[in-house]
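Residue numbers (this note's numbering): 233 to 528.
This is how it looks when you write it as structure tokens:
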């Protein structure tokens, strides 16, 4: 069994072709700008979208963490066991349980519905997160089952694990997409909660494995949006065999509502994506030392 948050069909940004992206729950890093904060904890948790609440009180009948005061629902997250009973009775969609145990067959049943699209577009299935490598046994079983069906497979990972975890999956992986968020060790630790030494080592070892890989950097305003930062990363990966390309991803502000729904502070609530000309300037800095740089 694996713990998942969602399966997104017809994805065009998580690898080649038309894909289904399977989002694993749980992450071993805490990037300050994460646009999927609901995937950080491995345990199921309730999201509360206040704007959708109609104050009907159904949730209060099944969960002591909810009560209605003056026609409005009051939610005390500290009392919530995240069992999801409140979400099951919420007809307005204000309450949503995030995190569900799934079997390999559950996932196959959904993703194989689009097998023809994968074949026609050169697509497949991508395992993402959160951090997929925190559930290696389930990931291995799922990748093997997908390969048996002739489906192209990929993962998106921060590679912040022992290399043996990734190595065990490589026979059933067609593509690895990994993030390298910052070059400076101290800055990486400050903004993600983890150092990058192991990540750099794993990228080098992945390159030696012969498996094709893509490196991506989410460009965050005020964090790593500098030519010297992008150039340093590009200079490291540009000389590694097996690199398909290096991709710069503009800051994504779309996770803001999820922070509110989780009652979690959003440090980058006021940040906005960089202008296109700025992204192109950063790409040019990378291209000076890495032949294949693109803006995603």
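Every residue gets a Cβ at the ideal spot worked out from N, C-alpha and C, and that includes glycine.
Fair warning: this is a prediction, and the values are worked out from it, not measured in the lab.
* To do: Compute the beta-carbon to beta-carbon distance between residue 444 and residue 476, rounded to the nearest angstrom, for a pair I have assumed lies under 8 Å.
  => Mapped onto the chain shown, residue 444 falls at position 212. Mapped onto the chain shown, residue 476 falls at position 244. That pair is a contact at about 5 Å.
* **Classification of residue 493 by the beta-carbon crowding that lies within 10 angstroms, buried from 16 upward** => Taking the chain shown and counting its residues from 1, one reaches residue 493 at position 261. It counts as buried.
* DSSP-derived helix/strand/coil call for residue 403 -> For the purposes of this step, residue 403 is taken as the residue at position 171 of the chain shown. Secondary structure at residue 403: helix, using DSSP grouped into helix, strand and coil.
* Asked: Do residue 514 and residue 472 have their C-beta atoms closer together than 8 Å?
  -> Along the chain shown, read from residue 1 onward, the residue named residue 514 stands at position 282. Along the chain shown, read from residue 1 onward, the residue named residue 472 stands at position 240. Cβ atoms of residue 514 and residue 472: not closer than 8 Å.
* **Beta-carbon spacing of residue 409, residue 426 below 8 Å** => Translated into positions along the chain shown, residue 409 becomes position 177. Translated into positions along the chain shown, residue 426 becomes position 194. In this structure, residue 426 does not lie closer than 8 Å to residue 409 by Cβ.
* **N-terminal and C-terminal residue of the beta strand (DSSP E) that residue 240 is part of** => Translated into the one-based positions of the chain shown, residue 240 becomes position 8. DSSP places residue 240 inside the beta strand (DSSP E), whose first and last residues are 234-243.
* According to the neighbour-count rule (16 or more other Cβ atoms, all chains shown, within 10 Å of its Cβ), is residue 371 buried or exposed? -> Position 139 of the chain shown, counted from the start, is the residue given in the question as residue 371. Buried, by the Cβ-count rule.
* Just to confirm, are residue 417 and residue 256 a CB contact at a threshold of 8 Å? -> Taking the first residue of the chain shown as 1, we reach residue 417 at position 185. Taking the first residue of the chain shown as 1, we reach residue 256 at position 24. No, Cβ-Cβ distance for residue 417 and residue 256 is not below 8 Å.
* Residue span of the alpha helix (DSSP H) that contains residue 526, given as start and end -> As a first step, residue 526 must be located in the chain shown, where it is residue number 294. First-last for residue 526: 525-527, but that is the beta strand (DSSP E), not the alpha helix (DSSP H).
* **Limits of the unbroken beta strand (DSSP E) element including residue 329** => Taking the chain shown and counting its residues from 1, one reaches residue 329 at position 97. From DSSP, the beta strand (DSSP E) with residue 329 extends over 327-330.
* To do: Rank 354, 466, 411 and 265 by C-alpha distance to the C-alpha of residue 500 and give the top, closest one.
  => Working through the chain shown from its first residue, we reach residue 500 at position 268. Among 354, 466, 411 and 265, the Cα nearest to that of residue 500 is on 265.
* Asked: Between residue 347 and residue 321, is the Cβ-Cβ spacing less than 8 Å?
  -> To locate residue 347, count along the chain shown from 1; it is residue 115. To locate residue 321, count along the chain shown from 1; it is residue 89. Not in contact: residue 347 and residue 321 (Cβ atoms no closer than 8 Å).
* Asked: Which one or two residues does DSSP pair with residue 299 in a beta bridge?
  -> Counting from one through the chain shown, the residue named residue 299 turns up at place 67. BP columns for residue 299 point to 306.
* Asked: Alpha carbon to alpha carbon, how far is residue 487 from residue 498?
  -> Here residue 487 corresponds to residue number 255 of the chain shown, with the count starting at 1. Here residue 498 corresponds to residue number 266 of the chain shown, with the count starting at 1. If you draw a straight line from the Cα of residue 487 to the Cα of residue 498, it comes to about 9 Å.
* **residue 301, buried or exposed, once every other Cβ within 10 Å from all chains shown has been counted against 16** => What you label residue 301 is simply residue 69 of the chain shown in a count that begins at 1. Result: exposed.
* Near residue 303, what residues of its chain come up, given a Cβ to Cβ distance below 8 Å and the 5 sequence neighbours on each side ignored? -> Looking up residue 303 in the chain shown gives position 71. If we look at residue 303 and ignore the five residues flanking it on each side, its Cβ neighbours are 287.
* Every unbroken beta strand (DSSP E) inside the stretch 435-506 [3 residues or more] -> 445-451 and 475-482
* **residue 437 and residue 395 closer than 8 Å at C-beta** => By 1-based counting over the chain shown, the position of residue 437 is 205. By 1-based counting over the chain shown, the position of residue 395 is 163. Yes, the pair counts as a contact, with Cβ atoms nearer than the cut-off.
* **Alpha carbon of residue 448 to alpha carbon of residue 510, nearest angstrom** => Locating residue 448 in the chain shown gives position 216, where the first residue counts as 1. Locating residue 510 in the chain shown gives position 278, where the first residue counts as 1. Using only the alpha carbons, I get a separation of about 17 Å.
* Asked: For residue 238, which residues from the same chain have a beta carbon less than 7 Å from its beta carbon, with the 5 sequence-adjacent residues on both sides left out?
  -> By one-based count along the chain shown, residue 238 stands at place 6. Result list for residue 238: 255, in chain order.
* Can you check DSSP and say which residues form a bridge with residue 334? => By one-based count along the chain shown, residue 334 stands at place 102. Partner(s): 234.
* Asked: What's the C-alpha gap between residue 527 and residue 478?
  -> In the chain shown, counting from the first residue as 1, residue 527 sits at position 295. In the chain shown, counting from the first residue as 1, residue 478 sits at position 246. Answer to the nearest angstrom: the Cα atoms are 9 Å apart.
* Asked: DSSP puts residue 386 in a beta bridge; with which residues?
  -> Stepping through the chain shown from its first residue, residue 386 is reached at position 154. In DSSP, residue 386 forms a bridge with 358 and 407.
* Residue(s) in a DSSP beta bridge with residue 254 -> As a position in the chain shown, residue 254 is number 22, starting the count at 1. Its beta-bridge partners are 239 and 359.
* To do: Taking only the alpha-carbon atoms, compute the straight-line gap between residue 420 and residue 495 and give it to the nearest angstrom.
  => The residue you call residue 420 lines up with position 188 of the chain shown. The residue you call residue 495 lines up with position 263 of the chain shown. So the two alpha carbons sit approximately 25 Å from each other.
* For residue 375, which three-state DSSP category applies? -> For the purposes of this step, residue 375 is identified with residue 143 of the chain shown, where counting begins at 1. In this structure, residue 375 counts as helix in the three-state DSSP scheme.
* Using 10 angstroms around the beta-carbon of residue 315, count the other beta-carbons present and answer buried if the total reaches 16, otherwise exposed. => On the chain shown, position 83 is the one that residue 315 refers to. Per the 10 Å Cβ criterion, exposed.
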